[in-house]
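A.B. asks: Quick note on the working numbering: the sequence shown kicks off at -15 and runs consecutively. The following block contains the structure, expressed as structure tokens.
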Amino acid sequence: MSIEPRRNRAWYGSRTPPEDAIIEAAEAVEQATNGSTVLYDHETHEGEWAEVVSRIYNEMDSLKRHPAEFRTWTAEDGMAAVF
-15 MSIEPRRNRA WYGSRTPPED AIIEAAEAVE QATNGSTVLY DHETHEGEWA EVVSRIYNEM
45 DSLKRHPAEF RTWTAEDGMA AVF
């Protein structure tokens, strides 16, 4: 078992990890700013973006459970938004 402290890594949303250049850029920023800032911790549900992530999750869950309550954008919606 490793004794090294757990490091934060940039999250990526696919099965294929990002290119090394992207990881290197993220790590360079981490070093330049004297550490990383955790915007949302999925284990504790805390962080600067906790409210945003919670809202998105609730909307996605609602869409999954009640798809009939959602509708697509119509031309009338566009007119109401502009005028």
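Beta carbons are placed, not taken as given, at the ideal position from N, Cα and C, and that holds for glycine.
Quick one: what's got a C-beta closer than 8 Å to Arg(-1)'s C-beta in the same chain, skipping five residues either side?
C.D. replies: On the sequence shown, position 15 is the one that residue -1 refers to. Cβ neighbours of Arg(-1) beyond the five flanking positions: none.
A.B. asks: Between the alpha carbons of His26 and Ala34, how many angstroms are there, rounded?
C.D. replies: Against the sequence shown, residue 26 aligns to sequence position 42. Against the sequence shown, residue 34 aligns to sequence position 50. Rounded to whole angstroms, His26 to Ala34 spans 9 Å at the Cα level.
A.B. asks: Taking just the CA atoms, how far does Ser38 sit from His29?
C.D. replies: Position 45 of the sequence shown, counted from the start, is the residue given in the question as residue 29. Position 54 of the sequence shown, counted from the start, is the residue given in the question as residue 38. Roughly 8 Å between the two C-alpha positions.
A.B. asks: With DSSP as the reference, identify every bridge partner of Glu30, one or two as the case may be.
C.D. replies: Translated into the one-based positions of the sequence shown, residue 30 becomes position 46. Answer is Asp25, bridged to Glu30.
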